[in-house]
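A quick write-up on the structure given underneath.
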Amino acid sequence: MLDFLLTLTVWLHKKIYKSKNMEKWKCTVCGWVYDSAVGDPSNGINPGLKFEDLPGGWVCPECGVGKDMFEKM
Ligand SMILES: [Zn+2]
Numbered sequence: 131m132l133d134f135l136l137t138l139t140v141w142l143h144k145k146i147y148k149s150k151n152m153e154k155w156k157c158t159v160c161g162w163v164y165d166s167a168v169g170d171p172s173n174g175i176n177p178g179l180k181f182e183d184l185p186g187g188w189v190c191p192e193c194g195v196g197k198d199m200f201e202k203m
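Just so we're on the same page, the numbering used here is the position in the sequence shown counted from 1, plus 130.
Below is the structure:
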């Protein structure tokens, strides 16, 4: 049980650490910015999801282009 709690604690710390490494990606077409700290609530994307982990069918909520039109800021 203690091992489990330790594992959980480490996992949580990693999650928190990750959340401090937020990334922003900018749409090169319209300038809309994907901030992984915010996510994309209008498309059901929860805060904390990395740009790389967005579903393949995800598109810019402003202009509708795909992920390949975004560049890392
Ligand atoms: Zn766009």
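Just so it is clear, CB atoms sit at the ideal spot from N, CA and C, and this is done for glycine as well.
All of these numbers come straight from a predicted model, not from anything done at the bench.
Residue i, enclosing beta strand (DSSP E) - first and last residue
i, result
"C157", "K154 to C157"
Contact under 7 Å by Cβ, residue i with residue j
i, j, result
"D165", "P191", "no"
"K156", "M199", "no"
"V189", "G196", "yes"
Per DSSP, the bridge partner or partners of residue i
i, result
"T196", "What sits at residue 196 in the sequence shown is Gly, not Thr. The partner list for G196 (beta bridge, DSSP) reads V189."
"V163", "K156"
Residue i (DSSP reduced to helix, strand or coil)
i, result
"K202", "strand"
"V168", "coil"
Distance between residue j and residue i (C-alpha atoms, nearest Å)
i, j, result
"K154", "E201", "9 Å"
"V159", "C193", "7 Å"
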